[in-house]
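Chemist: Residue numbers (my numbering): 140 to 215.
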């Protein structure tokens with residue numbers, strides 16, 4: 140790969156999620172307007188992702204990881 144195509148690939152990899160998040164925000168805003176509501180801000184999908192990253196993983200009981208590795212071992 141030449142440097143130009145590498146730069147384009149990296150740029151697209153960084154910009155595409157931003158455009159997708161903004162389009163999701165526009166969709167939510169338009170849906171709210173059609174229902175005669177104010178709706179969330181355009182950047183609400185990004186707020187949702189940040190909130191999701193801030194949550195700690197939840198394990199219902201300590202046996203789940205053991206069972207998961209057991210199933211994986213059995214599948215192999």
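Heads up, the beta-carbon is just placed ideally off N, CA and C, and yes, glycines get one too.
Given the structure is predicted, the values throughout are model-derived calculations rather than measurements.
Going by DSSP in three states, residue 156 sits in which element: helix, strand or coil?
Modeler: Position 17 of the chain shown, counted from the start, is the residue given in the question as residue 156. Three-state result, residue 156: helix.
Chemist: Can you give me the C-alpha to C-alpha distance between residue 197 and residue 160, rounded to a whole angstrom?
Modeler: On the chain shown, position 58 is the one that residue 197 refers to. On the chain shown, position 21 is the one that residue 160 refers to. If I take the Cα positions, the gap works out to 26 Å.
Chemist: Under the rule that 16 or more other beta-carbon atoms within 10 Å means buried, what is residue 184, buried or exposed?
Modeler: In the chain shown, residue 184 corresponds to position 45, counting from 1. Looking at its Cβ environment, which holds 16 or more other Cβ atoms inside 10 Å, residue 184 is buried.
Chemist: Starting from residue 212, trace the alpha helix (DSSP H) in both directions and tell me its first and last residue.
Modeler: For the purposes of this step, residue 212 is identified with residue 73 of the chain shown, where counting begins at 1. First-last of the alpha helix (DSSP H) with residue 212: 203-214.
Chemist: Span of the alpha helix (DSSP H) holding residue 196?
Modeler: Residue mapping note: residue 196 aligns to position 57 of the chain shown, counting from 1. Segment: none, residue 196 is in no alpha helix (DSSP H) and carries neither H nor E.
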